[in-house]
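As given, the protein sequences belong to chains A and B, one line each in that order.
Numbering (my numbering) for the first sequence: 53 to 399.
Numbering (my numbering) for the second sequence: 53 to 399.
Just so it is clear, CB atoms sit at the ideal spot from N, CA and C, and this is done for glycine as well.
The structure presented is a predicted model; accordingly, all values stated were derived computationally and were not measured.
Notes for the one structure printed next.
Protein chains: 2
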Amino acid sequence: MPLMKPKKRTTIYDIAEKLNITASSVSRALNNRNHVNETTRQLIIKTAAELNYKRNILASNLRMGKTKTIGVVVPRINQNFFSNVIVGLEDATYQKGYNLIICQSNESHEKEIQCINTLINQHVDCIVISVSADSDNNYDHLKNVIDHGIQLIQFDRIIDELQTLKVINDSEQASMEAVAHLIEQGYKRIALLEGPQNLNTFSQRKAGYLKALKKFNVPVERELIIENAWTKELGAEATRKLLSLPVPPDAIFASTSDFSALGVLDVATAMHFKVPSKLGICGFSNEPFTELTSPSITTIDQFSIHMGRTIANLYFQENENSEIATTPRTISIKPELIVRASTSRKV
Amino acid sequence: MPLMKPKKRTTIYDIAEKLNITASSVSRALNNRNHVNETTRQLIIKTAAELNYKRNILASNLRMGKTKTIGVVVPRINQNFFSNVIVGLEDATYQKGYNLIICQSNESHEKEIQCINTLINQHVDCIVISVSADSDNNYDHLKNVIDHGIQLIQFDRIIDELQTLKVINDSEQASMEAVAHLIEQGYKRIALLEGPQNLNTFSQRKAGYLKALKKFNVPVERELIIENAWTKELGAEATRKLLSLPVPPDAIFASTSDFSALGVLDVATAMHFKVPSKLGICGFSNEPFTELTSPSITTIDQFSIHMGRTIANLYFQENENSEIATTPRTISIKPELIVRASTSRKV
DNA sequence: TTTATAAATGCAATCGATTGCCGAAATTTA
DNA sequence: TAAATTTCGGCAATCGATTGCATTTATAAA
Numbered sequence: 053m054p055l056m057k058p059k060k061r062t063t064i065y066d067i068a069e070k071l072n073i074t075a076s077s078v079s080r081a082l083n084n085r086n087h088v089n090e091t092t093r094q095l096i097i098k099t100a101a102e103l104n105y106k107r108n109i110l111a112s113n114l115r116m117g118k119t120k121t122i123g124v125v126v127p128r129i130n131q132n133f134f135s136n137v138i139v140g141l142e143d144a145t146y147q148k149g150y151n152l153i154i155c156q157s158n159e160s161h162e163k164e165i166q167c168i169n170t171l172i173n174q175h176v177d178c179i180v181i182s183v184s185a186d187s188d189n190n191y192d193h194l195k196n197v198i199d200h201g202i203q204l205i206q207f208d209r210i211i212d213e214l215q216t217l218k219v220i221n222d223s224e225q226a227s228m229e230a231v232a233h234l235i236e237q238g239y240k241r242i243a244l245l246e247g248p249q250n251l252n253t254f255s256q257r258k259a260g261y262l263k264a265l266k267k268f269n270v271p272v273e274r275e276l277i278i279e280n281a282w283t284k285e286l287g288a289e290a291t292r293k294l295l296s297l298p299v300p301p302d303a304i305f306a307s308t309s310d311f312s313a314l315g316v317l318d319v320a321t322a323m324h325f326k327v328p329s330k331l332g333i334c335g336f337s338n339e340p341f342t343e344l345t346s347p348s349i350t351t352i353d354q355f356s357i358h359m360g361r362t363i364a365n366l367y368f369q370e371n372e373n374s375e376i377a378t379t380p381r382t383i384s385i386k387p388e389l390i391v392r393a394s395t396s397r398k399v
Numbered sequence: 053m054p055l056m057k058p059k060k061r062t063t064i065y066d067i068a069e070k071l072n073i074t075a076s077s078v079s080r081a082l083n084n085r086n087h088v089n090e091t092t093r094q095l096i097i098k099t100a101a102e103l104n105y106k107r108n109i110l111a112s113n114l115r116m117g118k119t120k121t122i123g124v125v126v127p128r129i130n131q132n133f134f135s136n137v138i139v140g141l142e143d144a145t146y147q148k149g150y151n152l153i154i155c156q157s158n159e160s161h162e163k164e165i166q167c168i169n170t171l172i173n174q175h176v177d178c179i180v181i182s183v184s185a186d187s188d189n190n191y192d193h194l195k196n197v198i199d200h201g202i203q204l205i206q207f208d209r210i211i212d213e214l215q216t217l218k219v220i221n222d223s224e225q226a227s228m229e230a231v232a233h234l235i236e237q238g239y240k241r242i243a244l245l246e247g248p249q250n251l252n253t254f255s256q257r258k259a260g261y262l263k264a265l266k267k268f269n270v271p272v273e274r275e276l277i278i279e280n281a282w283t284k285e286l287g288a289e290a291t292r293k294l295l296s297l298p299v300p301p302d303a304i305f306a307s308t309s310d311f312s313a314l315g316v317l318d319v320a321t322a323m324h325f326k327v328p329s330k331l332g333i334c335g336f337s338n339e340p341f342t343e344l345t346s347p348s349i350t351t352i353d354q355f356s357i358h359m360g361r362t363i364a365n366l367y368f369q370e371n372e373n374s375e376i377a378t379t380p381r382t383i384s385i386k387p388e389l390i391v392r393a394s395t396s397r398k399v
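Pasting the structure below:
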């Protein structure tokens, strides 16, 4: 195979030379600026097409200080919720000619800071982030984004006190509905698997749980609330503990994730707690597998793709004037309870 | 909230001015070029740190014509296999200071071309692609990548005749093992759900199927091979047809995906074909849900994260000298058969 | 001490696109 | 016909970093 020498790309100077004019005019014509005669403009556009001209984005970026690029930082790219948000983002931004740079923090605060710095260095126009669980209560890196004049949009897991654009789920409301549903199905002792309370998403889910209990006058029992039962394994472990109580719960709301709900189901099956008759199970996120287990698992859909699109549109709305938005604004998306077999004991 | 004015970033000129030297020296010092006195270099580095200097990547990119960015084009970002490949890619490239721009073709040839053009315009250093199913047998856009001096790496779904770097699974071997396993389990009439044969991945899987039958002297039966049974729905439809045959198959190899295997399982259950005793089922990809169904589904793991890392490393190896690699080279990763309940009838 | 050599630094062009400012040409108004 | 506007396009600087070439300075050899 012959050694490839990349073909030289056409520049505005090439066009200018061919037409015996200057590069300024070419630039103005191609950018629909005024100060160019309509006839000349048409000629320039035609010639540009003939020479297969493509604007050199690197040069343009340098001059303009903008890159039409959005940086995304998520804990894990391959987690269903996040990859779907990215799908929505990609879909909406691609149409506007924007590109996405994707980073994952792996739930590490350290890596998150590194990602942010990389994106700042890349001069992205906007950073979209869902913060890592491990956060240290230190948000200097996010403030830094704002200080650099880069639009910051938080989603799902957000830092409340930072004044930024935000797109979240109304997790509290969703959780309340889920627990209310359990109560309506006749479950009396409902346990909660909670996540790290420093994350808004998890504290809201707990709040919804408490609110529902209060509404239906169900007493809150300390021993039914299990901290940090986040993964399938931790969910299983928690369930083993719960089902061994003198008076075990008759329902478990795995507010952390569908994965922990899966752990619950495994242990319940192993310990012969029939689901849903003897134990109700509700997860969170509507992972695809939840409709495949037996019984299928009741869960909460977060409209992740839609969330991605919403984030993108929020960016475009707020930055139409090309000034970065400094007035905070929060869009809340209402999740939906998906009732399945694991909580359906009344027919 | 006050209007933010982004702080002006420090440039090499600022450093030069402060030290009464020229920007050239600063640049050389920071890039560890020779021709700089060691004392001066240290001073420059120290001052750069003090002034919180960060190289302007936009300027550097323009000058160097490189961007330390890799473009990725996949059919769907949120498909388990692809999102895991991306995880592996991100992991390996991030460490080297590279960034990833992600695009999805949505299985459309049209969109794929657009994605490629965007990435070429962005002057990415490398494009990593798994082609869309809908391909038109026209690969000008890929040739264009090479013509632009951009390293092209194909993975998983590849165009064989294009001379590029390639990373694939040995699907033929894996399929052969899967079918051999079915035969060993005593299944006699094994049906195949096949995917678009223009994609190497699917044609290889079929080849493996045929090879295994031949090896064990099992006759190939035309009616047991179903074209284009790709999705859960198509898999279900195909199964309905197969199980209604005068002499239905006693095993179905859903070579297209675990999703179609899921469709098979659904229909089998509905039609009271007990799995695995009366019908064996084998999928492809090891989607997380395959171990959650009842019975759990035998499938083939593609080591997707590892594949992502392999792609990245291949790039770094081949481009160490900063020349793009023009000698084709293919790395084949051996997938692994994961035997589960859906095909285990011998104990 | 003088010349040859090497090391350190500066100068200026380059990577392409963009844009403020100015002058020339065309058009309108008086 | 002369003066006042507009319109069109060119000039040159700018965005920062990089680098070949030239120049200066320091060091080694003669």
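Quiz prompt | Element boundaries [beta strand (DSSP E), containing N151 of chain B] | solution = Where N151 of chain B is concerned, the enclosing beta strand (DSSP E) stretches over N151 to Q156.
Quiz item: Relative to the C-alpha of V139 of chain B, which residue among B:L286, B:I357 and B:M323 is closest?
Solution: Per the Cα distances, B:I357.
Practice problem: Could you tell me whether any Cβ in chain B is nearer than 9 Å to the Cβ of R274 of chain A? | Solution: No, R274 of chain A does not count as interfacial toward chain B.
Quiz item: Any residues in the stretch 304-338 of chain B with a beta carbon nearer than 8 Å to a beta carbon of chain A? Which ones, in chain order?
Solution: Close to chain A, meaning a Cβ-Cβ distance shorter than 8 Å, are the following residues of the stretch 304-338 of chain B: L314.
Quiz item: So which residues of chain B does F268 of chain A contact, with C-beta pairs closer than 9 Å?
Solution: The CB of F268 of chain A never comes closer than 9 Å to any CB in chain B; the least such distance is about 32 Å.
Quiz prompt | Proximity of K195 of chain B and I205 of chain B at Cβ, strictly below 9 Å | solution = Going by C-beta atoms, K195 of chain B is not nearer than 9 Å to I205 of chain B.
Exercise. Indicate whether the contact test is met: 3 or more Cβ pairs, each with one atom in the stretch 303-316 of chain A and one in the stretch 324-336 of chain A, closer than 8 Å.
Key: The stretch 303-316 of chain A is in contact with the stretch 324-336 of chain A.
Quiz prompt | Best match in A:T170, A:N169 and A:I181 for proximity to E159 of chain A [C-alpha to C-alpha] | solution = Measuring C-alpha to C-alpha distances from E159 of chain A to each of A:T170, A:N169 and A:I181 identifies A:I181 as the nearest.
Quiz prompt | Spatially closest choice to K398 of chain A from A:R361, A:K106 and A:H233, by CA coordinates | solution = Closest in C-alpha terms to K398 of chain A, from the list A:R361, A:K106 and A:H233, comes A:H233.
Quiz item: Hey, would you say M228 of chain B sits closer than 9 Å to A264 of chain B, going by beta carbons?
Solution: For the pair M228 of chain B and A264 of chain B, the CB atoms are nearer than the 9 Å cut-off.
Exercise. With a threshold of 16 other CB atoms inside 10 Å of the CB of V137 of chain B, please say whether the residue is buried or exposed.
Key: Around the beta carbon of V137 of chain B, 16 or more other beta carbons sit within 10 angstroms, so the residue counts as buried.
Exercise. Could you check the C-alpha separation between A303 of chain B and Q237 of chain B for me, to the nearest Å?
Key: A303 of chain B and Q237 of chain B have their C-alpha atoms some 10 Å from each other.
Quiz item: Taking the alpha carbon of P347 of chain A as the point to measure from, which residue in A:V391, A:A364 and A:Y367 has its own alpha carbon closest?
Solution: If we check each option's Cα against that of P347 of chain A, A:V391 comes out closest.
Quiz item: Quick one: what's F305 of chain A bridged to in DSSP?
Solution: Paired residue(s): A:L244 and A:C334.
Quiz item: Residues in its own chain within less than 7 Å of K240 of chain B by CB, not counting five upstream and five downstream?
Solution: If we look at K240 of chain B and ignore the five residues flanking it on each side, its Cβ neighbours are D302.
Quiz item: So, does the CB of M53 of chain A fall closer than 9 Å to a CB anywhere in chain B?
Solution: Model confidence at M53 of chain A stands at a pLDDT of 38, short of 50, so the residue's coordinates are unreliable; what they give is reported in the following sentence. Nearest CB-CB separation between M53 of chain A and chain B: below the 9 Å threshold.
Quiz item: Does the Cβ-Cβ distance between D177 of chain B and Y146 of chain B come in under 9 Å?
Solution: Against a cut-off of 9 Å, the Cβ pair of Y146 of chain B and D177 of chain B comes out as no contact.
Quiz item: For the stretch 281-297 of chain B, which residues have a beta carbon sitting closer than 7 Å to at least one beta carbon of chain A?
Solution: Of all residues in the stretch 281-297 of chain B, none places a beta-carbon less than 7 Å from a beta-carbon of chain A.
Self-check item: For T345 of chain B, three-class secondary structure by DSSP
Solution: Note: T345 of chain B maps to coil in three-state DSSP.
Exercise. Helix, strand or coil for R209 of chain A, going by three-state DSSP, please let me know.
Key: In this structure, R209 of chain A counts as coil in the three-state DSSP scheme.
Quiz item: DSSP three-state call for T91 of chain B: helix, strand or coil?
Solution: T91 of chain B: helix per DSSP, three-state reduction.
Exercise. Taking 9 Å as the cut-off, decide whether the C-beta atoms of T382 of chain A and I220 of chain A are in contact.
Key: Taking 9 Å as the Cβ cut-off, T382 of chain A and I220 of chain A qualify as a contacting pair.
Quiz item: Opposite K218 of chain B in the DSSP bridges: which residues?
Solution: Bridge partners of K218 of chain B: B:Q206 and B:T382.
Practice problem: Compare the C-beta of P340 of chain B with all C-beta atoms of chain A and state if any pair is closer than 9 Å. | Solution: Yes, P340 of chain B counts as interfacial toward chain A.
Exercise. Following the continuous beta strand (DSSP E) through E273 of chain A, name the residue where it begins and the one where it ends.
Key: Unbroken run through E273 of chain A: none, as it is neither H nor E.
Quiz prompt | Element boundaries [alpha helix (DSSP H), containing T321 of chain B] | solution = Counting along the chain, the alpha helix (DSSP H) containing T321 of chain B begins and ends at D310 to A322.
Quiz item: Using a Cβ-Cβ cut-off of 6 Å (strictly less than) and excluding sequence neighbours within five positions of K284 of chain A, which residues of its own chain qualify?
Solution: Cβ-Cβ distances below 6 Å link K284 of chain A to F311, L314 and G315 in the same chain, with the five nearest sequence neighbours on each side left out; the list follows chain order.
Quiz prompt | Touch test, the stretch 252-260 of chain A against the stretch 68-84 of chain B, Cβ-Cβ under 8 Å, three pairs minimum | solution = By the C-beta criterion, the stretch 252-260 of chain A is judged not to be in contact with the stretch 68-84 of chain B, since fewer than 3 inter-stretch pairs fall below 8 Å.
Quiz item: When the cut-off is 9 Å and only beta carbons count, does K106 of chain B lie next to chain A?
Solution: Interface annotation, K106 of chain B: in contact with chain A, CB-CB separation under 9 Å.
Exercise. Ignore the nearest five residues each way along the sequence and tell me which others in R85 of chain A's own chain have a CB closer than 8 Å to its CB.
Key: Closer than 8 Å at Cβ, skipping near neighbours: S79.
Quiz item: When you compare each of B:T99, B:N89 and B:Q94 to Y65 of chain B by their alpha carbons, which one comes out closest?
Solution: Comparing Cα-Cα distances from Y65 of chain B to each of B:T99, B:N89 and B:Q94, the minimum goes to B:T99.
Practice problem: Using a Cβ-Cβ cut-off of less than 9 Å, list which residues of the stretch 138-171 of chain A approach chain B; keep chain order. | Solution: For the stretch 138-171 of chain A, which is checked against every Cβ of chain B, the residues closer than 9 Å are I138, V139, E142, D143, Y146, G149, N151, L152, I153, I154, C155, Q156, N158, K163, Q166, C167, N169, T170 and L171.
Exercise. Take K132 of chain B as the anchor and find which of B:N89, B:S309 and B:F207 has the nearest alpha-carbon.
Key: Contrary to the premise, residue 132 of chain B reads as Asn rather than Lys in this sequence. When each option's Cα is compared against that of N132 of chain B, the closest is B:S309.
Quiz item: For A377 of chain A, does the count of other Cβ atoms within 10 angstroms reach 16, so buried, or fall short, so exposed?
Solution: Under this definition A377 of chain A is a buried residue.
Self-check item: Neighbour flag for R209 of chain A against chain B, beta carbons, 9 Å
Solution: Using beta-carbon distances, R209 of chain A does not count as an interface residue toward chain B, since no partner is under 9 Å.
Quiz item: When you compare only the Cα positions, how much space is there between S394 of chain B and K163 of chain A?
Solution: Approximately 41 Å, taken between the alpha carbons.
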